[in-house]
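Numbering (this note's numbering), first residue to last: 28 to 511.
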RNA sequence: GGCCCCAUCGUCUAAUGGUUAGGACACGGGCUUUUCAAGCCUGUAACCAGGGUUCGACUCCCUGUGGGGUCACCA
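This is how it looks when you write it as C-alpha cells:
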C-alpha cells in the first residue's frame, strides 16, 4: 500500500512552526517512500474563518520549497485543487460527513442530542461541584423519538460511547502502546447543530477516504486518540498508523506561543532566515538522525528520517541555535546568490547590484540573517562619522596616523583601476607598499580602516576600498587627514 | 482536580544492559590578527529521586517528584 501522509491545518492565516514541523515530517515520510503528500484544509469552524488564509498557506509552503501532491494549489493567483481524492477543503465535504454521521446513527453508534448549550454547561458545573456525572440523557431516547424530533428541533449528533471494555488500546509510532481507561469519555459531538462536523468526525472520515496511511500530528491530539480509534472501529475501518509529535516549547517549557516571540514561519522568513536553514533547524527539534552532526540537506533527511526515532519529549525552540544555523547556510552562499536573496531586503534605489554583491561578499561571515543587510549597506555607504582620536592606533600617535594616511592616499592616487579589482589584490598591493616604506601594519591599517568605516569595529580596510572604489576611498582618507 | 504524555549538560540531542556518557548552540580560555567577524584548538557543564530486576543499569519494572498536554457545538 503506497504511503500517503497529509498536513491538515485549520486556516489561521499563518503557519505556526509547530505545524510546519508536522508538515515537514509528513513530507519526509511521503518522499522517502515515494508516496503522496497531501494538504487538507480543516475549516469546519465557521466562526473562525480567516479570509485569504488558504492562499497564504499555499504561498508559504511554496516559499519553503515544499510541494503537495494533492490539495489546494494556486493557479494564476486563483485557488484550484489537484488530486483525485478531493475536495480537499472540509467545508466542501459537509454532505459527506452528514452521510457518515447518519450511518453511525443508523448503526446505533450515534444519536441526536437536543440539549441546549446552556443545559450542558449547567451539567458540567454540577459535575465539577458535586462530582455527580449527569450526562447523555438523550442517549436513552428511543430511535423513533429521536427521528421525529430531529425534523424540527435543533440538535447535534453524539457518538455513543459504549462501555464494552475497560480500556481503549492505541498504538503510536513515537509513544508506543497507549491505553486509556474507558470510563473517562463522554458522548462527544460528531456533528454540530450547524450541520458541520467536529474535528473528530471530519478527520477520521477524511483520513479514511483519502487513504491516509500515516496520521502525523501534534501531541495536543494524543488525548483524543481513543475517540478516533473508536470512530474507526464503529465504521469498521482499518485505522492508519498514528504518530504524535512532541510539542515545540517556549524557553519556559510551555507550548510555543505568540506571547513569547515569533511563532510563524512567515515571521522568520520576513526577518531574513533562509528556508533551508529554518527547515534544517526545525527538523532537528525532536529528532537527529546521527546525533553527531547538525547540518543535513533535505535529501539526506528524506533518506534518513525515521518516525519511530522521533523524541517523545517536547523541545524548546532555541533561537540562538537557529541563528547559528542560518549563519552556516548564509556562509555557503556565493556573493551573487546572497545579493539576489538580499534584494528583498534592500531597495535598488539605495544600492546597485554590483555594490550589493560586493557588500555581500564582505559581510558574509558577519550576517546572522538577511534582515541585517540594510544596516550593513548603510555602514558602507553612509558617510562615516567619528571623532579624530579614533583614528589613532593604540601603538602610535596622531602625527603618525596623519602621515600614514597621507602616504596611503598618495599611493592609491597613483594606482589605476586594476588594483581595485578585488580585495585580495588591494591587500597585496597595500601590504607591499607598507613593507617598502618600512611602515608598520597596524599604524597604517587601523587609521585607514577607521577613516573608511568610521567605526572601531568593522570589516577591514581592503574590503572597504574594494566596495567604495578609488574616488570615495580617497575622499574618506583625505577627510581623515584633514581631521587630524 | 480527572485522564494522558514526558524526564541525559542552561538549550537541541547521541547512546537501544558493559562508553573516560559523545556531538551541537550558548558561555570561558587560547591561536590567528590592523579592529570586528569567520576559522582553528581547548575548557566548564547532564543521566530528577528512591526502590527493585541483573554479574552489571542512562538504558528494563515500580513508586515518588517535577514539567507539559487535554478535559468545547475550536481545531
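Don't be surprised by glycine CBs; every beta carbon is placed ideally from N, CA and C.
Collapsing the DSSP output to three states places residue 182 in coil. Straight-line measurement puts the Cα of residue 120 at about 28 Å from the Cα of residue 197.
The straight-line gap separating the alpha-carbon atoms of residue 317 and residue 93 is approximately 24 Å. Looking from the CA of residue 103, the closest CA among 86, 155 and 115 belongs to 86.
Counting only residues of its own chain and dropping the five nearest sequence neighbours on each side, residue 201 has a CB closer than 8 Å to the CB of 270, 271, 272, 273, 334, 335, 337, 338 and 339. Look at the beta carbons and you see the region 444-460 touching the region 479-490: at least three pairs across the two are nearer than 8 Å. DSSP assignment within the region 94-124 yields the following whole beta strand (DSSP E) runs of 3 residues or more, N-terminal first: 98-102 and 105-109. The DSSP assignment places complete alpha helix (DSSP H) segments of no fewer than 4 residues inside the region 168-245 at 170-179 and 226-236, in order along the chain. By the beta-carbon neighbour count (other beta carbons within 10 angstroms, threshold 16), residue 186 is buried. Selection 220, 345, 326 and 258 evaluated against residue 278 yields 345 as nearest (Cα-Cα). Assignment of residue 273 by DSSP, reduced to helix, strand and coil, places it in the coil class.
The continuous stretches of alpha helix (DSSP H) do not include residue 266, and DSSP gives it neither H nor E.
The three-state secondary structure of residue 295, taken from DSSP, is helix. With distances taken between CA atoms, residue 141 lies nearest to 219 out of 219, 151 and 122. When the beta-carbon positions are compared, residue 235 and residue 188 stay at least 7 Å from each other. Here residue 97 is buried: its Cβ has 16 or more other Cβ atoms, across all protein chains shown, within 10 Å. In summary, residue 217 is buried, with 16 or more beta-carbon neighbours lying within 10 Å of its beta-carbon over all protein chains present. Pairing residue 398 with residue 298 gives a Cβ-Cβ distance under 7 Å. Going by beta carbons, residue 502 and residue 479 fall outside the 7 Å limit.
In the displayed model, residue 57 falls within a helix according to three-state DSSP.
Residue environment analysis places residue 463 among the exposed positions, since fewer than 16 neighbouring C-beta atoms fall within 10 angstroms of its C-beta. Between the alpha carbons of residue 390 and residue 356 lies a gap of roughly 14 Å. Between the alpha carbons of residue 296 and residue 44 lies a distance of about 12 Å. When DSSP states are grouped into helix, strand and coil, residue 483 belongs to the coil group. Counting along the chain, residue 409 sits inside no beta strand (DSSP E), nor does DSSP assign it H or E at all. A residue is called buried when at least 16 other Cβ atoms come within 10 angstroms of its Cβ; residue 29 does not meet this threshold and is exposed.
When secondary structure is reduced to three states using DSSP, residue 140 falls in the strand class. Segment contact: the region 376-383 against the region 402-419, three or more CB-CB distances shorter than 8 Å; contact assigned. In this structure, the CA atom of residue 441 is about 50 Å from the CA atom of residue 91. By the neighbour-count criterion, in which a residue is buried when 16 or more other Cβ atoms sit within 10 angstroms of its Cβ, residue 117 is buried.
With fewer than three CB-CB distances shorter than 8 Å, the region 308-316 does not count as touching the region 57-65. For residue 415, no alpha helix (DSSP H) run applies, since DSSP gives it neither H nor E. Counting other Cβ atoms within 10 Å of its Cβ, residue 88 reaches 16 or more and is therefore classed as buried. Sequence-distant partners of residue 306 (beyond 5 residues in either direction) whose C-beta falls short of 7 Å from its own C-beta, in its chain, are 51, 91 and 325. Listed as beta-bridge partners of residue 33 by DSSP are 65. For residue 177, the CB contacts under 8 Å within the same chain, skipping 5 residues up- and downstream, are 139 in chain order.
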